[in-house]
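Numbering (this note's numbering), first residue to last: 6 to 333. We put the CB at the ideal spot given by N, CA and C, even for glycine.
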Amino acid sequence: MKRRKFINQSILASLGVFSSCNAAESSEHQNKASTPAEKIIRPLVISTWEHGLQANDRAWEILSKGGKAIDAVEQGVRIVEDDPEITSVGIGGFPDRDGNVTLDACIMDEKGNCGSVSFLQHIKNPISVARKVMDETPHVMLSGEGALQFALANGFKKENLLTANAKKEWEAWKKEAKYKPIINIENHDTIGLLAIDKKGDISGACTTSGLAFKLHGRVGDSPVIGAGLFVDNEIGGATATGMGEAVLKTLGSFLVVELMRQGLSPQEACKEAVMRVVRKQKYKDFQIGFIALNKKGASGAFCIHPGFNFALKSENRKLMIDAESYVS
Ligand code: SD4
């Protein structure tokens, strides 16, 4: 059941990660609000959890050639959707309590365009369906059967997303059928990815299979623009991971971007959004985490409990950064 891989230093090294550090140690990870003299770092890509490393690498292939952030974020998270070993996103994702893999995703570009799919079954790249919703329909969000019909009509292939491993885990879960999330191994590890390209345009993508063994029909924060993801190209972008219900109740990613608009650094904005959840919801025995970047390429993160980390890639850096947390 335990899916979180606490990758140690040697594994990180074998992945080509130059170093792993905490938030305070990264020079690109600004704790202070931006000043006019601050160095502009771009392109840059950040994404949630260790699977962010491979997503960032893919996004970097596009960004480093002068490609657009919107293409980088879509292609980056697709790598994670395509990996059957990752049990929280795309194919291989853990199913709901009835054995259905149901996926949520959204994408947002520098013009404020956005697309989203929720409760989508049988399609392994929901992020690309969300992109099509954005690019080719007058709508923002398609759900369930309608989202599936739209995907099939646009050439996506129907496949069985329930892998043998996910089925085995679901069958083991059914013996007790208890739903008790455990911090950092809650059976959910969304990928949220934010990129700023050479031109300075920002985009974001977020994709997940949501809470494992959830009620059939449950949709979390990840496909909801403003909750799981938000981008305002004048200011920056933010994305969320963790217990979606808590993020939905505060429209967390929108909140982070608005706090940056008021002058907070990405780090300070993520912290204040987490504190809003802690204060308003009066409970904290779950994990949520935010990552954010601003127009200058400064990034930040904050979470409730230790254990959340994010991947960062820029011209000369490839890092896993441990997010600071409310609980020490
Ligand atoms: C959800 N927020 O469906 C997602 C799950 C997640 O890290 O982020 N996992 O609630």
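Residue i vs residue j beta-carbon contact at 8 angstroms
i	j	result
Phe259	Gly241	no
Val283	Cys308	no
Phe313	Gln292	yes
Thr110	Ile132	Looking at the sequence itself, residue 110 is Ala, so the reference to Thr does not match. In this structure, Ile132 lies closer than 8 angstroms to Ala110 by Cβ.
Leu167	Lys129	no
Ser208	Ala74	yes
Glu250	Leu264	no
Asp206	Glu115	yes
Glu79	Ile112	yes
Ala243	Ala328	no
Ala245	Val252	yes
Thr213	Gly225	yes
Three-state secondary structure (DSSP) of residue i
i	result
Gly257	helix
Ala29	Unreliable positioning characterises Ala29 in this predicted model, as indicated by a pLDDT of 42, which lies under 50. A coordinate reading is not provided.
Ile46	coil
Thr158	It should be noted that the sequence gives Ala, not Thr, for residue 158. In the structure shown, Ala158 sits in a helix (DSSP, three-state: H, G or I).
Ser123	strand
Met146	strand
Leu264	helix
Asn238	coil
Pro41	Only weak support exists for where Pro41 lies, its pLDDT of 49 falling under 50; the value from the coordinates is given anyway. In this structure, Pro41 counts as coil in the three-state DSSP scheme.
Arg322	strand
His34	Annotation note: pLDDT 49 at His34 (below 50); position unreliable, coordinate value reported separately. In the structure shown, His34 sits in coil (DSSP, three-state: anything other than H, G, I, E or B).
Leu58	helix
Glu176	helix
Asp327	strand
Ser304	strand
Ala316	strand
Leu108	strand
Gly97	coil
Asn299	strand
Ala251	helix
Ile75	helix
Ile128	coil
Ser208	strand
Ile91	coil
Ala200	strand
Gly151	helix
Gly294	strand
Burial state of residue i (16 or more Cβ within 10 Å)
i	result
Arg63	buried
Leu317	buried
Gln154	exposed
Thr142	exposed
Leu68	buried
Gln59	buried
Val332	exposed
Gln267	exposed
Ile84	buried
Lys81	According to the sequence shown, residue 81 is Gly rather than Lys. Answer is buried; the Cβ neighbour count reaches 16.
Glu164	exposed
Gln220	Contrary to the premise, residue 220 reads as Leu rather than Gln in this sequence. Leu220 is exposed by the Cβ-count criterion.
Asp103	exposed
Ala156	buried
Lys301	buried
Ile45	exposed
Gly117	exposed
Whole-number beta carbon distance between residue j and residue i, since they are thought to touch under 8 angstroms
i	j	result
Gly305	Cys275	5 angstroms
Val106	Val122	Incorrect: roughly 13 angstroms between the Cβ atoms, too far for contact.
Leu198	Ser52	4 angstroms
Pro48	Ser319	7 angstroms
Ile196	His310	In fact, because the Cβ distance is near 19 angstroms, the residues do not count as touching under 8 angstroms.
Gly222	Phe295	The pair is not a contact, with the Cβ atoms about 26 angstroms apart (cut-off 8 angstroms).
Ala77	Val94	Not quite, the Cβ-Cβ distance comes to about 17 angstroms (not below 8 angstroms), so this is no contact.
Gly120	Asp202	Gly120 to Asp202, Cβ: 19 angstroms. No contact.
Ala171	Thr92	6 angstroms
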